[in-house]
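Asks: Protein chains in written order, with the working numbering: chain A, 4 to 154; chain B, 13 to 496.
Just passing along the structure, written as structure tokens.
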Amino acid sequence: MSCVLKTLTTKKEIDTVIRDTIDKVVVLRFGRATDSVCLQLDDILAKSAREISKFGAVALVDIDAEDIQVYVKYFDITLIPSTVFFFNAHHMKMDSGTADHTKWVGAFHRKQDFIDVVEAIFRGAMKGKLIVNCPLPPERIPKYQLLYKDV
Amino acid sequence: MATLADSFLADLDELSDNEDDHFEEDADAENMDEDIDAGMADIEALNYDDLDNVSKLQKTQRYIDIIQKVEDALKKGTDTSYQGTILENDPEYQLIVDCNALSVDIENEIVIIHNFIRDKYRLKFPELESLVHHPIDYARVVKKIGNEMDLTLVDLEGLLPSAIIMVVSVTASTTSGKPLPDDVLQKTAEACDRALDLDSAKKKVLDFVESRMGYIAPNLSAIVGSAVAAKLMGTAGGLSALAKIPACNVQLLGNKKRNLAGFSTATSQFRVGYLEQTEIFQSTPPALRMRACRLLAAKSTLAARVDSTRGDPSGSTGRALREEIRKKIEKWQEPPPAKQPKPLPVPDSEPKKKRGGRRLRKMKERYAITDMRKLANRMQFGVPEESSLGDGLGEGYGMLGQAGSNKLRVSRVQSKLSAKVAKKFKEKAFGSSGATSGLTSSLAFTPVQGIELTNPQAHAHQLGSGTQSTYFSEIGTFSKIKRT
């Protein structure tokens, strides 16, 4: 976990963050502190947290906490790290060419990639869209396989 | 304090030959009579041989009295004689004022005696004056060396720093001086003695003033130190006078006006007087010294004003002010706060700055829609347009080449392209010779009228019509060409 970013452990904390952040993109990272990919992502999030502070807020969620399992089930988080975006309490979806539009799975290649994604979400949200297109080229988007229940 | 002038004037009134009187200036108050001759004396008759002609201070009554009082007061130690009387009436205060003036006089006197010694000793050891600058040190060294030619027999330890002793010994071995005659030697020795006595007297006077400074002006001496406080008071002419001086002038009290003609003033420090000698000033880094000096002057003026009205006899105001000054100077020396990276601005929050003007317009013209394209975009009502592949396939031509117009191609109007591009285009299109465009054909196929004959010369005259002047035209052709 980064010391700069807030870590949320209870459902109430998550609720407050999502509800009370007005006109800013809320970036919630679901993951574990022990995973290496998580750490990579955390590093990028921590470095860019200040830069996007005017239009974005970053928080980390530990999926090992009991309170959080509700959200884990709700967002169907199976691969970590997963990042979910909100804007004014609306869940923002992003089409990055992968199967799952509701979240971003994996880390980012560069800090600038992350900032671009947040900016795209912000612009779309300000226009009133609930799903936006990903501005990154496909080679920068981490690929993953979704596991289905009966594979 | 033109003691030098005074001494010269005094010399005018007396004869040149005076005996060297033996005198003492300690506790016994001896009145020396001055031989004042009524007769005139030439300045040329000034007998430089005699010390007394140039150095009179120690014989004056004033000097002797003051020294006497100082001795007594120092012996008495700290005394609380004054009891709330008005400062000016206090006899000790008067003594201090006198002491201030006297110390300045003594300084001048020492300079005079130093000149005297130097002139006399030049015959023996001329280089010494450039090696040892300080007058008192010089006097001590001269006294020690005496008439000795071999400096290895002379021990200068403790009088000078060892590096200088070495230089002096080396120079002495190669000096061009000769030993002095006895009487000159004796006079020089006495002059040295006198210089050293004056120096010790000055020290005594200053010590006395400093010790009393704590009583007279406790707050002021808490800030600048008693020596500087005494000097300031002396120059100002009293504590109440000092209190009346505005701070900017206090800063300049004791300013040495050094207008060294021809020497560089780049290194000289401006606008600092006695305050330069304060501990606070000496301990600030050179970059902050000017600011510190101004601050010091301001606060010390405040302290002087407090003292002159005896508002705070304990000196706590002075100490508080000193603490304030110290804190301020420390604050100036703090490094600036570390720069933090700026967060990015909110996207689309700042409207884009649109530019305008002639340059932009010219740039936009290059991509503007041409007349040809405009015609191709429009259609006439009821008239089917032609297309590139025929029969409605391909790109439509719109009103280009419709019946009623003489031309299949629209002639180019005077374009607003830059002259360079236009010229290039002209060369490509028109070729170097010929008055007409090589692309025009005489025949135009139109659906209504069949074959139309076009007059290839028709648009050649177009340019001559209307208000368009052909003189400055970029694509203008010759108006009349002789066919050969």
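C-beta: ideal position from N, C-alpha, C; glycine also.
1. For serine 445 of chain B and lysine 438 of chain B, I'd like the C-alpha separation in whole angstroms.
2. Less than 7 Å between the beta carbons of leucine 232 of chain B and alanine 239 of chain B, yes or no?
3. Could you tell me which residues DSSP pairs with leucine 172 of chain B in its beta bridges?
4. Does the separation of the CB atoms of alanine 203 of chain B and isoleucine 129 of chain B fall below 7 Å?
5. In chain order, what are the residue ranges of uninterrupted beta strand (DSSP E) at least 3 long that sit wholly in the region 27-102 of chain A?
6. For a contact meaning CB atoms closer than 8 Å, what does methionine 95 of chain A contact in chain B?
7. Over what stretch of residues does the alpha helix (DSSP H) that includes valine 121 of chain A continue unbroken?
8. On the premise that leucine 412 of chain B lies in contact with alanine 388 of chain B, defined as a C-beta separation below 8 Å, what is that separation, rounded to the nearest angstrom?
9. Using a C-beta cutoff of 7 Å, does isoleucine 358 of chain B count as contacting chain A?
10. Under 7 Å Cβ-Cβ, which residues of chain B neighbour arginine 126 of chain A?
11. Spell out the partners DSSP gives valine 108 of chain A in its beta bridges.
12. For lysine 136 of chain B and histidine 146 of chain B, what's the separation of their Cα atoms in angstroms?
13. Return helix, strand or coil for asparagine 159 of chain B, following the three-state DSSP convention.
14. Taking 7 Å as the CB-CB cut-off, is proline 355 of chain B touching chain A?
15. Using a Cβ cut-off of 7 Å (strictly closer), state whether phenylalanine 58 of chain A contacts chain B.
16. Return the CA-CA distance between valine 75 of chain A and arginine 143 of chain A, expressed in angstroms with no decimal places.
17. Since glycine 189 of chain B and proline 138 of chain B should fall inside the 8 Å C-beta cutoff, what is the C-beta to C-beta distance between them, to a whole number of angstroms?
18. Buried or exposed for valine 73 of chain A, going by 16 or more other Cβ atoms inside 10 Å?
19. Under the criterion of a Cβ to heavy atom distance below 6 Å, does leucine 140 of chain B qualify as lining the ligand FAD?
20. Would you say glutamate 122 of chain A reaches chain B, if we count a Cβ-Cβ gap shorter than 7 Å as a contact?
21. Secondary structure at threonine 10 of chain A, three-state DSSP: helix, strand or coil?
22. For leucine 197 of chain B, which residues from the same chain have a beta carbon less than 6 Å from its beta carbon, with the 5 sequence-adjacent residues on both sides left out?
23. By the 10 Å Cβ neighbour count, where 16 or more other Cβ atoms means buried, how is glycine 410 of chain B classified, buried or exposed?
24. Just verifying my parser: in three-state terms, what is the DSSP assignment at serine 399 of chain B?
25. For valine 108 of chain A and aspartate 98 of chain A, what's the separation of their Cα atoms in angstroms?
26. Count the other CB atoms within 10 Å of the CB of serine 326 of chain B; is the residue buried (16 or more) or exposed (fewer)?
27. Can you give me the Cβ contacts of isoleucine 78 of chain B inside the same chain, cut-off strictly under 8 Å, excluding the 5 residues immediately before and after it?
28. When the Cα atoms are used, what is the spatial distance from isoleucine 71 of chain A to aspartate 65 of chain A?
29. For arginine 113 of chain A, would you say it is in contact with chain B, using Cβ-to-Cβ distances shorter than 7 Å as the test?
30. Taking CB distances under 7 Å as the criterion, tell me whether glutamate 54 of chain A reaches chain E.
31. Quick one: grab the DSSP three-state call for glycine 226 of chain B.
32. What span of residues does the alpha helix (DSSP H) with valine 284 of chain B cover, start to end?
33. I need the DSSP call for asparagine 136 of chain A, collapsed to helix, strand or coil.
34. Looking at the secondary structure, which residues open and close the alpha helix (DSSP H) in which leucine 103 of chain B lies?
35. Are the C-beta of cysteine 137 of chain A and some C-beta of chain B separated by less than 7 Å?
36. To the nearest angstrom, how far is the alpha carbon of valine 358 of chain B from that of arginine 126 of chain A?
Replies: Reading it off the structure:
1. The pLDDT assigned to serine 445 of chain B is 48, lower than 50, so where the model puts this residue is not dependable, and the model offers no usable value.
2. no
3. B:Glu169
4. yes
5. 28-34, 59-65, 85-90 and 93-98
6. By Cβ distance, chain B contributes nothing, its closest Cβ being about 14 Å from methionine 95 of chain A, past 8 Å.
7. 114-130
8. 5 Å
9. A small fix is needed here, since residue 358 of chain B is valine in this sequence, not isoleucine. For valine 358 of chain B, the answer is yes, since a Cβ of chain A falls inside 7 Å of its Cβ.
10. Pro359 and Asp360
11. A:Ser85
12. 19 Å
13. coil
14. yes
15. yes
16. 26 Å
17. 6 Å
18. exposed
19. As for the ligand FAD, it is missing from this structure, which has no ligand bound.
20. yes
21. strand
22. Asn159
23. buried
24. strand
25. 12 Å
26. exposed
27. Leu107, Asp110, Cys111, Leu114 and Val217
28. 8 Å
29. no
30. The structure shown contains no chain E; its protein chains are A and B.
31. helix
32. Neither: valine 284 of chain B is in no alpha helix (DSSP H) and is coded neither H nor E.
33. strand
34. Note that residue 103 of chain B is proline in the sequence shown, not leucine. Element bounds for proline 103 of chain B: 103-133.
35. no
36. 10 Å
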